[in-house]
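See below for the structure under consideration.
There are 2 protein chains.
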Amino acid sequence: MKDETKSADEIFKEFKEHSITEFFRRNSQMLGYAGKVRSLTTIVHEYVTNSLDAAEEAGILPEIEVKVKELGENRYSVYVKDNGPGIPSKVVGKALASVLTGTKFHRYMQQRGQQGIGAGGCTIFALITTGKGIHVKSGTGKEAYECDLSIDIKGNKPLINNLTTIANTFRGLVVEGEFGDVKYEKSEHGVYEYVRRTALTNPHTTIKLVEPDGNEAVFPRSAQTLPKKPKEINPHPLGISTSDLLDFARASQSRKVTSFLVESFARVSQDKVKELASLVKDVDFEKDPKELTWSDSEKIVNGFKQVKWIAPDLDSLSTVGEKQIEVAMQNILDPKFISVVERKPKVFKGGIPFVVEVGIAYGGKAGRANGETVAGSILRFANKVPLLFDTGSCAITEAVNGIEWRRYSIARFEEEPVSVLVNVSSVYIPYSGVGKQAIAQEDEIIEEIKLAVMETGRKLQRYLSGERQRNVQESGYKTIMRYVSQLSADLEEITGKKKEETEKELRSLIERKYKNLFNEAQNES
Amino acid sequence: MKDETKSADEIFKEFKEHSITEFFRRNSQMLGYAGKVRSLTTIVHEYVTNSLDAAEEAGILPEIEVKVKELGENRYSVYVKDNGPGIPSKVVGKALASVLTGTKFHRYMQQRGQQGIGAGGCTIFALITTGKGIHVKSGTGKEAYECDLSIDIKGNKPLINNLTTIANTFRGLVVEGEFGDVKYEKSEHGVYEYVRRTALTNPHTTIKLVEPDGNEAVFPRSAQTLPKKPKEINPHPLGISTSDLLDFARASQSRKVTSFLVESFARVSQDKVKELASLVKDVDFEKDPKELTWSDSEKIVNGFKQVKWIAPDLDSLSTVGEKQIEVAMQNILDPKFISVVERKPKVFKGGIPFVVEVGIAYGGKAGRANGETVAGSILRFANKVPLLFDTGSCAITEAVNGIEWRRYSIARFEEEPVSVLVNVSSVYIPYSGVGKQAIAQEDEIIEEIKLAVMETGRKLQRYLSGERQRNVQESGYKTIMRYVSQLSADLEEITGKKKEETEKELRSLIERKYKNLFNEAQNES
Numbered sequence: 001m002k003d004e005t006k007s008a009d010e011i012f013k014e015f016k017e018h019s020i021t022e023f024f025r026r027n028s029q030m031l032g033y034a035g036k037v038r039s040l041t042t043i044v045h046e047y048v049t050n051s052l053d054a055a056e057e058a059g060i061l062p063e064i065e066v067k068v069k070e071l072g073e074n075r076y077s078v079y080v081k082d083n084g085p086g087i088p089s090k091v092v093g094k095a096l097a098s099v100l101t102g103t104k105f106h107r108y109m110q111q112r113g114q115q116g117i118g119a120g121g122c123t124i125f126a127l128i129t130t131g132k133g134i135h136v137k138s139g140t141g142k143e144a145y146e147c148d149l150s151i152d153i154k155g156n157k158p159l160i161n162n163l164t165t166i167a168n169t170f171r172g173l174v175v176e177g178e179f180g181d182v183k184y185e186k187s188e189h190g191v192y193e194y195v196r197r198t199a200l201t202n203p204h205t206t207i208k209l210v211e212p213d214g215n216e217a218v219f220p221r222s223a224q225t226l227p228k229k230p231k232e233i234n235p236h237p238l239g240i241s242t243s244d245l246l247d248f249a250r251a252s253q254s255r256k257v258t259s260f261l262v263e264s265f266a267r268v269s270q271d272k273v274k275e276l277a278s279l280v281k282d283v284d285f286e287k288d289p290k291e292l293t294w295s296d297s298e299k300i301v302n303g304f305k306q307v308k309w310i311a312p313d314l315d316s317l318s319t320v321g322e323k324q325i326e327v328a329m330q331n332i333l334d335p336k337f338i339s340v341v342e343r344k345p346k347v348f349k350g351g352i353p354f355v356v357e358v359g360i361a362y363g364g365k366a367g368r369a370n371g372e373t374v375a376g377s378i379l380r381f382a383n384k385v386p387l388l389f390d391t392g393s394c395a396i397t398e399a400v401n402g403i404e405w406r407r408y409s410i411a412r413f414e415e416e417p418v419s420v421l422v423n424v425s426s427v428y429i430p431y432s433g434v435g436k437q438a439i440a441q442e443d444e445i446i447e448e449i450k451l452a453v454m455e456t457g458r459k460l461q462r463y464l465s466g467e468r469q470r471n472v473q474e475s476g477y478k479t480i481m482r483y484v485s486q487l488s489a490d491l492e493e494i495t496g497k498k499k500e501e502t503e504k505e506l507r508s509l510i511e512r513k514y515k516n517l518f519n520e521a522q523n524e525s
Numbered sequence: 001m002k003d004e005t006k007s008a009d010e011i012f013k014e015f016k017e018h019s020i021t022e023f024f025r026r027n028s029q030m031l032g033y034a035g036k037v038r039s040l041t042t043i044v045h046e047y048v049t050n051s052l053d054a055a056e057e058a059g060i061l062p063e064i065e066v067k068v069k070e071l072g073e074n075r076y077s078v079y080v081k082d083n084g085p086g087i088p089s090k091v092v093g094k095a096l097a098s099v100l101t102g103t104k105f106h107r108y109m110q111q112r113g114q115q116g117i118g119a120g121g122c123t124i125f126a127l128i129t130t131g132k133g134i135h136v137k138s139g140t141g142k143e144a145y146e147c148d149l150s151i152d153i154k155g156n157k158p159l160i161n162n163l164t165t166i167a168n169t170f171r172g173l174v175v176e177g178e179f180g181d182v183k184y185e186k187s188e189h190g191v192y193e194y195v196r197r198t199a200l201t202n203p204h205t206t207i208k209l210v211e212p213d214g215n216e217a218v219f220p221r222s223a224q225t226l227p228k229k230p231k232e233i234n235p236h237p238l239g240i241s242t243s244d245l246l247d248f249a250r251a252s253q254s255r256k257v258t259s260f261l262v263e264s265f266a267r268v269s270q271d272k273v274k275e276l277a278s279l280v281k282d283v284d285f286e287k288d289p290k291e292l293t294w295s296d297s298e299k300i301v302n303g304f305k306q307v308k309w310i311a312p313d314l315d316s317l318s319t320v321g322e323k324q325i326e327v328a329m330q331n332i333l334d335p336k337f338i339s340v341v342e343r344k345p346k347v348f349k350g351g352i353p354f355v356v357e358v359g360i361a362y363g364g365k366a367g368r369a370n371g372e373t374v375a376g377s378i379l380r381f382a383n384k385v386p387l388l389f390d391t392g393s394c395a396i397t398e399a400v401n402g403i404e405w406r407r408y409s410i411a412r413f414e415e416e417p418v419s420v421l422v423n424v425s426s427v428y429i430p431y432s433g434v435g436k437q438a439i440a441q442e443d444e445i446i447e448e449i450k451l452a453v454m455e456t457g458r459k460l461q462r463y464l465s466g467e468r469q470r471n472v473q474e475s476g477y478k479t480i481m482r483y484v485s486q487l488s489a490d491l492e493e494i495t496g497k498k499k500e501e502t503e504k505e506l507r508s509l510i511e512r513k514y515k516n517l518f519n520e521a522q523n524e525s
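So the protein lines, in turn, are chains Y and R. Our numbering numbers the first residue of the first sequence as 1 and each following residue consecutively. Our numbering numbers the first residue of the second sequence as 1 and each following residue consecutively.
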């Protein structure tokens with residue numbers, strides 16, 4: 001054993017630091033690069049979400065073209081072109097070839113991207129699977145250029161090569177790269193399904209996919225106007241944490257706590273601050289916010305919880321919209337029943353507003369094929385972005401599976417032709433992983449999704465029980481009709497009245513009584 | 001619309017960079033801090049795994065004490081003490097109060113930690129929930145000291161305060177911190193269950209848990225020797241990627257590709273290199289490895305796949321061991337049937353060896369309570385560390401649910417008293433997230449787990465079908481016995497022979513015939 005032992009100095013002599021790029025290079029599965037099919041979808045996902053964000057922020061109706069070409073075994077090229085604002089050459093490197101850099105990280109504004117990792121991650125993945133960086137073409141109106149981008153992994157620094165200006169007529173962004181260890185597959189985790197679902201919740205977008213086999217799938221926009229632009233907002237006082245408050249205080253320019261609170265948070269008026277001050281003893285609201293201590297901050301945060309606040313401003317959130325979800329589900333699923341609900345915005349920790357939209361469809365093409373049978377399916381979206389992976393660890397899955405479906409006339413969710421679409425919109429989605437494929441299971445969010453699903457569920461329940469009753473009546477009707485002829489014959493013996501006449505009278509009698517039902521039955525068939 | 005539009009320059013003027021600490025501070029759920037119960041378990045998990053790794057590397061039988069105290073609503077203190085080598089004061093800051101720093105990131109050696117994020121993450125979480133850093137006490141034999149640790153979030157730099165030397169008699173490490181937004185709960189996701197499962201797969205460890213209610217749970221070591229120390233190894237050529245090979249080449253001191261290959265990879269001999277060279281045309285094996293191009297590297301990697309290699313050295317892997325798993329499951333589940341299998345080491349991408357161990361238990365306390373009924377349960381471990389979260393996205397779950405249980409006489413896994421324990425050991429576990437609660441769904445790993453489970457499943461099947469047959473015989477036996485008395489009476493009338501005698505004879509006859517069965521039946525009851 002002696003020689004086996006090691007001192008702390010020996011153990012820690014190898015102590016090293018690593019760059020975030022090295023980390024993700026070694027753990028690319030954490031960015032969503034696990035499995036060949038998923039990896040390809042992740043690449044398309046990162047570029048398409050960036051294109052949508054940029055176009056919308058620039059006020060342009062997005063037009064996106066995605067081309068996937070097979071180059072060899074598990075080797076494909078991905079080409080994504082948009083009509084957005086482009087990227088200035090001075091930041092293109094940091095934007096597409098480094099991580100933890102970007103415009104979105106610090107903003108309280110609803111966008112699809114929020115971490116500044118996605119695009120850089122694609123470049124890292126290209127490098128480790130093909131040794132090649134990516135090629136970019138950009139036109140901002142002011143300038144137009146092409147270049148090759150790579151990354152200095154150790155330093156998380158972008159490398160720009162062959163930067164050449166091009167005709168200033170080009171407007172938008174083209175990103176093109178070669179990737180190994182990927183595979184194109186038309187499965188529910190594949191690129192096609194990702195694009196299809198993106199079109200479903202982004203009706204203002206025209207998106208075209210050219211598949212490796214040359215097939216062109218075009219999803220034209222069904223809405224001709226941009227969704228209302230989400231406002232950049234201040235955080236709502238409800239649920240904000242002590243440490244958040246101190247951060248804002250340190251960053252604040254205000255000279256007094258009072259003005260700091262009014263200026264930094266949503267729904268905080270002078271009156272509200274007065275009310276707050278009366279509740280929060282022994283904190284000096286006249287002092288410099290920078291002098292707030294942790295315990296001051298703690299007291300104020302507790303005070304927040306006792307004041308009655310107006311719900312956060314819905315303008316900070318951009319939803320798909322009830323009408324649009326209904327149309328989209330109708331087109332795709334052609335179900336017998338649809339119910340859609342958009343809830344009021346709620347707040348979760350950090351004072352961050354979020355909204356849940358739910359659409360439920362039953363019958364028709366609803367549900368998903370499960371061998372011979374059909375099973376209930378959950379369509380998950382966050383800020384209108386489809387979530388195709390990590391189903392098990394997602395708040396949406398947790399919420400939908402937590403529903404007592406029996407209450408809504410669904411014996412087993414796993415065995416009925418039902419589709420539940422859930423879209424969570426927020427200025428900050430708490431993703432469970434860097435790959436952004438699942439929403440962390442925050443109680444407040446799960447609860448809100450459940451309430452929304454239950455709301456649609458009640459409507460579904462009414463529809464289904466109606467259905468059942470009708471089926472009962474209908475089969476009753478058919479049974480009677482089956483005996484009419486025999487009955488009439490028997491009556492002839494008893495009453496001497498001609499069978500044909502009796503039968504005719506009986507039929508008309510029954511049809512009068514069951515008229516509506518009969519018509520419905522007709523329409524059905 | 002005009003005023004709505006924005007130019008690229010306007011959009012990108014807010015372009016910012018962020019430190020990795022800022023990122024995890026804002027996305028702490030990615031480190032496992034989502035939900036109050038889970039957050040508390042994550043803290044204990046990070047400190048306990050560090051303690052185990054350090055003690056084992058130092059060659060010390062681990063003794064760990066965990067104390068959790070309730071300080072207020074959702075506010076607890078966590079205290080973890082070990083008898084390990086301690087941490088030198090010159091690196092303690094980086095070790096416990098920064099991320100992406102550590103001794104483990106670059107090593108091909110099986111350890112529980114591998115990212116250099118866990119402990120720093122705890123300090124970040126303490127800061128954002130209580131504003132306080134952590135307190136550390138360390139004795140390495142050379143020095144002993146106490147200090148307070150915090151982090152400069154913007155710079156990912158550790159802050160050390162009140163560093164004071166203490167009596168050099170203390171040996172080991174004590175980490176103590178206060179955390180908010182956490183909750184102690186005795187659920188299957190709680191600290192108690194985490195410690196219990198840690199004891200299950202770490203028989204050489206004595207671990208004591210003092211719960212908030214003062215209750216002391218001690219799990220004494222059942223093995224008096226350390227597990228064989230895993231060797232630090234070179235990567236195995238099978239499955240290594242082109243970019244990995246180039247990395248090693250650039251770092252290599254060798255002057256020729258030939259010697260580089262022999263020195264950098266496991267199982268590569270001069271002869272193997274010759275064989276390889278004969279397969280890989282137009283790559284100069286005599287040149288400086290630093291001159292290898294991507295396409296050279298690609299050719300060599302493809303060559304690797306055509307050569308027959310010896311499996312990687314099991315010495316690089318430290319398993320729990322079949323015997324130990326059986327004992328542990330016996331103690332905890334007291335089942336009617338157990339089967340355990342340890343597979344041969346396999347390799348997955350990156351030339352990284354891994355081993356799967358599976359134990360299956362049926363009956364007794366096996367399975368998990370599911371309302372009134374019992375359901376099949378999966379006990380997941382990676383490098384002997386229990387995985388309690390993100391069940392849905394884990395390769396182990398995927399593999400076990402992918403088994404056709406009917407084949408093994410399990411009608412529905414969800415409805416039988418069966419427990420499946422799976423431990424995956426590797427120098428590098430591809431975790432799906434930074435929180436390290438699920439193994440990424442790599443095909444090679446899922447496949448290997450399936451094979452292991454099926455191996456135990458076949459034994460279970462034999463047991464269960466035997467059981468069924470016996471039940472049939474047994475009930476047959478009981479039925480006959482039920483009629484013996486009446487039959488004897490009837491026979492008396494026919495044969496005149498006394499009922500008592502006949503009955504005696506019949507009974508002994510039957511008992512002879514059903515002897516074994518009868519005994520078993522006795523033992524059962």
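Idealized CB from N, CA, C, for every residue including glycine. Treat the numbers as computed from the prediction; the structure is a model and nothing was measured.
| Asked | Found |
| --- | --- |
| Neighbourhood of R/LEU333 by C-beta distance below 7 Å, restricted to the same chain and skipping five residues each side | ALA361, GLY364, LYS365, ALA366 and SER419 |
| Span separating the alpha-carbon of Y/LEU464 from that of Y/ARG407 | 11 Å |
| Chain Y residues whose Cβ lies nearer than 7 Å to that of R/THR242 | GLY131 |
| Candidates Y/ALA95, Y/ALA328, Y/SER316 and Y/LEU173: closest to Y/PRO230 by CA position | Y/SER316 |
| Short CB-CB distance (under 9 Å) between R/GLU17 and chain Y | yes |
| Y/LEU379 in three-state terms, based on DSSP | strand |
| Sheet register partners of Y/ARG75 (DSSP bridge) | Y/GLY72 and Y/GLY180 |
| Residue of Y/CYS394, Y/TRP405, Y/GLN306 and Y/VAL422 minimising C-alpha distance to Y/GLY359 | Y/VAL422 |
| Any chain Y beta carbon closer than 9 Å to R/ASN370 | no |
| Among R/VAL341, R/ALA411 and R/VAL355, nearest to R/ALA375 - alpha-carbon criterion | R/ALA411 |
| Y/LEU226 and Y/LEU71 closer than 9 Å at C-beta | no |
| 8 Å CB neighbourhood of Y/ASN519 in its chain, flanking five on each side removed | The pLDDT assigned to Y/ASN519 is 49, lower than 50, so where the model puts this residue is not dependable; a value taken from the coordinates is nonetheless given after this. Nothing meets the Cβ criterion. |
| Short-range partners of chain Y found in the stretch 59-89 of chain R, where Cβ spacing is below 8 Å | GLY59, ILE60, PRO85, GLY86, ILE87 and PRO88 |
| Beta carbon of R/GLU57 nearer than 9 Å to that of Y/LYS13 | no |
| Cβ shell of Y/LYS2 (< 8 Å), same chain only, five flanking positions each side left out | The predicted position of Y/LYS2 is uncertain, since its pLDDT is 44 and thus under 50; a value taken from the coordinates is nonetheless stated next. Correct list: empty, nothing qualifies. |
| DSSP three-state assignment for Y/PHE285, whether helix, strand or coil | coil |
| Assumed close pair R/PHE265, R/HIS236 - CB separation to whole angstroms, cut-off 8 Å | 7 Å |
| Delimiting residues of the alpha helix (DSSP H) encompassing R/ILE429 | Per DSSP, R/ILE429 belongs to no alpha helix (DSSP H) and is neither H nor E. |
| R/LEU245 - containing alpha helix (DSSP H), residue span | 242-251 |
| Of the residues R/GLU178, R/PHE170, R/VAL91 and R/GLY118, the one placed nearest R/LEU159, counting alpha carbons only | R/VAL91 |
| Proximity of Y/ILE563 and Y/LEU100 at Cβ, strictly below 9 Å | Outside the shown range of chain Y, which is 1 to 525, sits residue 563 of chain Y, and nothing can be said about it. |
| Y/SER377 versus Y/GLU415, Y/THR198, Y/GLU216 and Y/THR42, residue with shortest Cα-Cα distance | Y/GLU415 |
| Rounded straight-line distance, which links the Cα of R/GLU298 to that of R/ASP247 | 13 Å |
| Boundaries (first-last residue) of the alpha helix (DSSP H) holding R/GLY121 | 118-130 |
| Spatially closest choice to R/LYS154 from R/ARG25, R/ALA251 and R/ARG75, by CA coordinates | R/ARG25 |
| R/GLN270, buried or exposed, once every other Cβ within 10 Å from all chains shown has been counted against 16 | exposed |
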